[in-house]
Every structure is written in structure tokens, then in C-alpha cells.
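A.B. asks: Shown below is the structure under consideration.
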Ligand SMILES: [Fe+2]
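Residue numbers (the working numbering): 1 to 190.
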């Protein structure tokens with residue numbers, strides 16, 4: 001049984017109990033998220049079967065932001081950073097993550113692919129503060145994940161990288177919103 005309000009209250013409590021130690025907050029919230037998505041069907045029932053792609057902010061403070069993130073079928077998003085730690089817990093579908101790093105000695109705005117991780121329902125991944133990733137939903141149905149960030153994710157200054165030339169620019173919230181809208185109305189989409 002997953003209760004959305006109780007889950008958020010547990011995360012809030014973990015953040016306030018460890019207020020002066022960002023690593024301790026991350027560890028405590030990771031454990032709460034891992035316990036929740038260990039029963040992905042319960043989270044799916046608690047949050048509701050996703051019907052469209054989008055970023056639903058469930059809770060937001062200076063310490064943590066909790067997001068219900070739904071990817072459209074076969075949707076991808078360009079490389080971006082968060083400038084804070086992040087946790088990904090999948091409760092339905094799959095997320096393929098490519099991790100990127102800046103290239104020493106090259107143009108500091110450019111990045112190169114450095115690794116990948118494919119996450120399925122029940123998996124939790126921890127992303128450090130400096131991580132750059134891009135995400136693909138490789139399957140033919142919606143993917144749902146709880147993402148938790150170690151700060152006010154909505155207000156954070158951060159970067160994205162052009163998907164074609166891999167050049168850094170400021171994160172464009174309007175472009176991100178458009179990506180999700182287009183993913184919802186595109187041919188064959190939800
Ligand atoms: Fe991200």
C-alpha cells in the first residue's frame with residue numbers, strides 16, 4: 001500500500017531530521033524511495049496509472065523536490081544537469097540513462113558520453129551533484145518514475161546540452177515543457 005501523502009511526509013521528515021547534512025538527507029530519502037518502489041504495483045495504484053507525459057511536482061522546498069515524472073512512449077530528452085543530487089525510482093516501464101562528462105582539454109562547453117544505465121520498475125539510482133544525463137523511454141508505453149532532487153529543483157540554475165552538437169546552454173524550461181506537450185500530441189502518442 002503506497003500513500004502519496006505519507007511518502008512525502010516521510011521524505012520531509014528525513015530532510016528536516018538531517019537538515020545540516022546533505023549526504024545524510026540523500027541516504028535517508030534514498031532508503032524511503034527504495035522501500036516504496038520495491039513494490040512498484042503499489043506505487044502505481046497510489047499515484048494512479050499515468051495517462052500522459054509530464055512533470056508533476058508533488059513537493060517542493062529548499063531541501064528537496066519530489067516529482068512524479070511520466071515519460072511518453074519512446075520519448076527522449078537532451079543531456080542536462082541538475083546541480084544537486086538526484087534519485088530516480090521507477091514504478092512502471094523503463095528509463096535508459098546515458099551519462100555524459102565534460103572533456104578535459106576540449107571546449108569546456110562540450111561533453112562526451114561516459115556510461116549508461118537502464119532502469120526498470122523497482123530500480124533506484126543515485127545521481128551525484130555534478131551528473132549530466134540524457135533519458136530515453138525505450139518502450140511503447142508510458143514510463144513512470146519518482147524523481148527526488150536535493151534542493152529546489154524548480155528554481156535551480158542549470159544547463160542543457162544541444163542534442164545534435166552537444167554544446168552547453170542555460171536550461172530552457174519552456175523548451176522542456178514543449179517537449180512534453182509535443183510528446184503527448186505526436187502521432188501514436190498517448
Ligand atoms: Fe534529469
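C-beta: ideal position from N, C-alpha, C; glycine also.
1) I'd like to know if residue 81 contacts chain C, where contact means its C-beta is closer than 8 Å to some C-beta of that chain.
2) Consider the C-beta atom of residue 72 and the heavy atoms of ligand 1; say whether any pair is separated by less than 7 Å.
3) Compute the Euclidean distance between the alpha carbons of residue 68 and residue 142, then round it to the nearest angstrom.
4) Are there 16 or more other CB atoms within 10 angstroms of the CB of residue 104, so buried, or fewer, so exposed?
5) I'd like the ranges of any alpha helix (DSSP H) spanning at least 4 consecutive residues and lying wholly in the stretch 4-32.
6) Mind listing, in chain order, the continuous alpha helix (DSSP H) runs of no fewer than 4 residues lying wholly within the stretch 88-140?
7) Terminal residues of the continuous alpha helix (DSSP H) containing residue 43?
8) Would DSSP call residue 174 helix, strand or coil?
9) Could you tell me the distance, in whole angstroms, from the CA atom of residue 145 to the CA atom of residue 92?
10) By how many angstroms is the C-alpha of residue 24 removed from the C-alpha of residue 137?
11) Might you give, ordered along the chain, the residues of its own chain that have their beta carbon closer than 8 Å to the beta carbon of residue 35, omitting 5 neighbours on each side?
12) Where do the ends of the beta strand (DSSP E) carrying residue 162 lie?
13) In this structure, what does DSSP give as the bridge partners for residue 60?
14) Identify which residue in 185, 149, 76, 21 has its Cα closest to the Cα of residue 58.
15) Is residue 82 near ligand 1, going by C-beta to nearest heavy atom under 7 Å?
16) If you follow the beta strand (DSSP E) that residue 79 is part of, which residue opens it and which one closes it?
17) How many Å lie between residue 186 and residue 17 at the Cα?
18) Is the closest heavy atom of ligand 1 to the C-beta of residue 173 under 7 Å?
C.D. replies: So, to answer that:
1) This model lacks chain C altogether; it includes just one protein chain.
2) Flag unset: Cβ of residue 72 not near ligand 1.
3) In a straight line, the C-alpha of residue 68 is about 13 Å away from that of residue 142.
4) Looking at its Cβ environment, which holds fewer than 16 other Cβ atoms inside 10 Å, residue 104 is exposed.
5) Whole alpha helix (DSSP H) segments, 4+ residues: 4-17.
6) If we require 4 residues or more, the stretch 88-140 turns out to have no alpha helix (DSSP H) run fully inside it.
7) Per DSSP, residue 43 belongs to the alpha helix (DSSP H) from 40-47.
8) Here residue 174 sits in helix by DSSP.
9) Between residue 145 and residue 92, the C-alpha separation is close to 7 Å.
10) Whole-angstrom Cα-Cα distance: 30 Å.
11) Nothing meets the Cβ criterion.
12) The continuous stretches of beta strand (DSSP E) do not include residue 162, and DSSP gives it neither H nor E.
13) Bridge partners of residue 60: 65.
14) If we check each option's Cα against that of residue 58, 149 comes out closest.
15) At least one heavy atom of ligand 1 is nearer than 7 Å to the Cβ of residue 82, so yes.
16) 76-81 is the span of the beta strand (DSSP E), which, as asked, contains residue 79.
17) Going by C-alpha positions, residue 186 is about 44 Å away from residue 17.
18) No, the beta carbon of residue 173 sits no closer than 7 Å to any heavy atom of ligand 1.
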